[in-house]
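Residues in the sequence shown are numbered consecutively from 11, following our numbering. Using N, Cα and C, we set each Cβ at its ideal position, and we do this for glycine too.
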Amino acid sequence: METKKSVSIWAATAESQNHPPLDVDVHADVCVIGAGIAGLTAAYLLNRESKHVVLIDAQDVGAGETGSTTAHFFPPDEWYDTLINSFGTEQAQSVATGFAEAINLVERIVANENIDCEFIRLDGYLYAAKEHGSNEIDKELTAAINAGAEVQRLDRVPGLPFDTGPCVRFANQAQFHPLKYLNGLAQAFERNGGRIFGRTRAVDLKRNGNLQKVHTEHGVISADAVVVATNTPFNDRVVMHTKQSGYQSYVIGIRVPKGSVPPLLLWDTGDPYYYLRLDSPDGETLVVGGRDHKVGQDEHPEHRYAELESWVRERFPMAAEVIYRWSGMVMEPADGLAYLGRNPMDSDNIYVITGDSGNGMTHCTLGAVIVNDLVHGRDNPYARLFDPARKPWRELSEFVTENANTLSQYGDWLKGGDVKSVDDIAPGEGAIVQSGVSKVAAYRDPDGQLHCVSAVCTHLGCVVSFNSAEKSWDCPCHASRFGIDGEVLHGPAKTPLAKH
Ligand SMILES: Cc1cc2nc3c(=O)[nH]c(=O)nc-3n(C[C@H](O)[C@H](O)[C@H](O)COP(=O)(O)OP(=O)(O)OC[C@H]3O[C@@H](n4cnc5c(N)ncnc54)[C@H](O)[C@@H]3O)c2cc1C
Ligand code: FES
């Protein structure tokens, strides 16, 4: 089979959605912005409790990171040991309970709405990347027990063709096909009277008395409450973006003989780390991810696919050809927990779900539950712990390091271009070119045609850099991404790079 580039196995095996754009001004009880797992789950829950909900997406259902995920339902990827150090044992217990409730909710939705999305419960395993890493495994085991998770220590992960060494088994985790789940959720939402508008980007959010007005490219939605579920909030210029950072994660889908790998979720403790699962319970594709880097800080990331492949081949000698490869963005919160609930500004009727780390399936589902309760004026037991306005507790050093990294990116203004002239850019390549006082992002397509846009990110003015694997312009500061003609692929930017 021909190798497919930058198309996730999920996008290739689920129906794509095509909702019409908004074409008139409308009113709703709640406007949800973003139709990934966060926005759709929130819209579904709100609508089920009789709220009149309008859901908009700049593209359509599942076009964002939920279409690029690997969809493990797994313990917090900062691990319980870190969470206990940062938040204390009681809060780590809350995280364990909240995560378990999120999986239960997804399981109930799948059953109640009859969604055919290959959802199964299965065990997840964490093993030490280093040969003598049993200490870190024992530490995590103790922490997970203290947090109340259902865990067990094993000498190795069962059923694998390589010896992982000691591991922690987390029972009763889950996996599914994320886009089939979203499609089913969207249908259930629409069956119950919810409305979805595709190709409708929110460009501004303005208060008008008690209402919020969502300005889109095609009309205005006025609503009593707004849920910003755009993966990273487009409505907040600075505050939330100092509390989280975007990391690009890489995935390959590689063929394996049926039955040669048992259904399980696997993570190692390495840096860089690796994670894997089968595409479906009896699948023949091993979905393997990892080799993350900060967005906009590797111009030639193709080597990461090769590294993933050799990692797999070393451990799974029966692996055959790579049939999928793709990458996507993970928003890493400064202290390891997502930001779920009231927006720090205009907190009475704007809600946000972001910073979900590599636990977006669980965090976003839990975020939707929290937001649904808050919109209905109810308390939620997790609201305080995940409050987006919280200070980064004891993880201050991580917060400072990430923000120092962001500030250092502004130094790109002082550099000249990557090349002297556009003549130096080969077909299929892009580079920054200095033109007087301006910086130009120039891409030469395979036919030789040049595409030139301003290299100045429309969020807060950093200089973008080329990503040769995705053919995109990525901002190293707060992870906005743009297409070669400047269109926004990922926020927080909400307007395209200027034409040059
Ligand atoms: C490679 C990879 C592996 C991962 N693995 C896992 C895993 O194993 N387990 C796990 O739990 N999580 C994992 N994650 C994380 C998880 O996929 C994400 O956290 C989650 O999908 C985010 O969902 P979301 O709804 O917040 O965002 P998205 O799915 O990105 O949805 C946001 C939507 O908002 C729309 N939008 C953006 N801006 C606007 C605007 N201004 N107006 C209107 N619409 C807008 C976008 O088009 C998009 O459809 C992984 C992520 C990646 C990239
Ligand atoms: S994303 Fe903030 S400056 Fe580019």
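Rounded separation between residue i and residue j - CA only
| i | j | result |
| --- | --- | --- |
| Leu-136 | Leu-376 | 23 Å |
| Gln-444 | Gly-427 | 5 Å |
| Val-213 | Thr-505 | 8 Å |
| Thr-79 | Ser-290 | 14 Å |
| Met-341 | Asp-389 | 26 Å |
| Gln-27 | Ile-19 | 16 Å |
| Leu-93 | Pro-85 | 11 Å |
| Arg-325 | Pro-171 | 7 Å |
| Ala-110 | Leu-132 | 13 Å |
| Gln-185 | Arg-287 | 8 Å |
| Gln-197 | Leu-65 | 13 Å |
| Leu-195 | Leu-499 | 24 Å |
| Gln-101 | Trp-321 | 36 Å |
| Ala-22 | Gly-74 | 14 Å |
| Glu-12 | Cys-485 | Unreliable placement is indicated for Glu-12, whose pLDDT of 38 sits below 50; the coordinate value is still reported in the next sentence. Going from the Cα of Glu-12 to the Cα of Cys-485 covers about 31 Å. |
| Lys-14 | Gly-219 | Here Lys-14 scores only 40 on pLDDT, less than 50, and its place in the model should not be relied on; the value that follows carries that caveat. Those two C-alpha atoms are separated by around 50 Å. |
| His-310 | Ala-235 | 42 Å |
| Gly-203 | His-29 | 15 Å |
| Leu-221 | Thr-210 | 20 Å |
| Gly-143 | Tyr-361 | 41 Å |
| Glu-25 | Ser-448 | 43 Å |
beta-carbon residue i near ligand 1 non-hydrogen atom, thresh 7 Å
| i | result |
| --- | --- |
| Gly-219 | no |
| Lys-253 | no |
| Gly-338 | yes |
| Val-298 | no |
| Gly-493 | no |
| Arg-201 | no |
| Ala-344 | no |
| Ser-482 | no |
| Met-371 | yes |
| Val-261 | yes |
| Asn-114 | no |
| Ser-78 | yes |
| Val-197 | A small fix is needed here, since residue 197 is Gln in this sequence, not Val. For ligand 1, not one heavy atom lies less than 7 Å from the Cβ of Gln-197. |
| Ile-43 | yes |
| Thr-240 | yes |
| Asp-67 | yes |
| Cys-487 | no |
Proximity of residue i and residue j at Cβ, strictly below 8 Å
| i | j | result |
| --- | --- | --- |
| Phe-396 | Leu-347 | yes |
| Glu-317 | Arg-301 | yes |
| His-328 | Asp-246 | Here residue 328 turns out to be Met, not His, going by the sequence shown. Result no, Cβ atoms of Met-328 and Asp-246 do not sit closer than 8 Å. |
| Gly-299 | Ser-255 | no |
| Thr-372 | Ile-113 | yes |
| Ile-43 | Thr-242 | no |
| Ala-45 | Ile-231 | no |
| Val-237 | Ala-121 | no |
| Gly-229 | Val-473 | no |
| Phe-492 | Ser-478 | no |
| Val-305 | Ala-508 | no |
| Cys-374 | Asp-366 | yes |
| Gly-134 | His-187 | no |
| Glu-150 | Val-105 | no |
| Val-167 | Phe-180 | no |
| Val-266 | Ala-330 | yes |
| Val-450 | Ser-464 | yes |
| Val-8 | Leu-192 | Since the displayed the chain opens at 11 and closes at 510, residue 8 lies outside it and no answer follows. |
Per DSSP, cross-strand counterpart(s) of residue i
| i | result |
| --- | --- |
| Gln-572 | Nothing about residue 572 can be read from this structure; the chain reaches only from 11 to 510. |
| Cys-41 | Val-64, Val-236 |
| Arg-491 | Asp-484, His-500 |
| Phe-476 | Trp-483 |
| Arg-217 | Gln-222 |
| Val-248 | In the DSSP output, where bridge partners are listed per residue, Val-248 has none listed. |
Residue i, enclosing alpha helix (DSSP H) - first and last residue
| i | result |
| --- | --- |
| Arg-325 | 313-325 |
| Ala-110 | 99-122 |
| Gln-197 | 188-201 |
For residue i, the first and last residue of its enclosing beta strand (DSSP E)
| i | result |
| --- | --- |
| His-461 | 460-464 |
| Ser-357 | It is not in any beta strand (DSSP E) - Ser-357 carries neither H nor E in the DSSP assignment. |
| Tyr-260 | 254-265 |
| Asp-133 | 130-137 |
| Gly-306 | Looking at the DSSP string, Gly-306 is not in any beta strand (DSSP E), and its letter there is neither H nor E. |
| Arg-287 | 284-288 |
| Ser-337 | 332-343 |
Any non-hydrogen atom of ligand 2 closer than 7 Å to residue i Cβ
| i | result |
| --- | --- |
| Ser-490 | yes |
| Ala-503 | yes |
| Gly-365 | no |
| Leu-470 | yes |
| Cys-127 | no |
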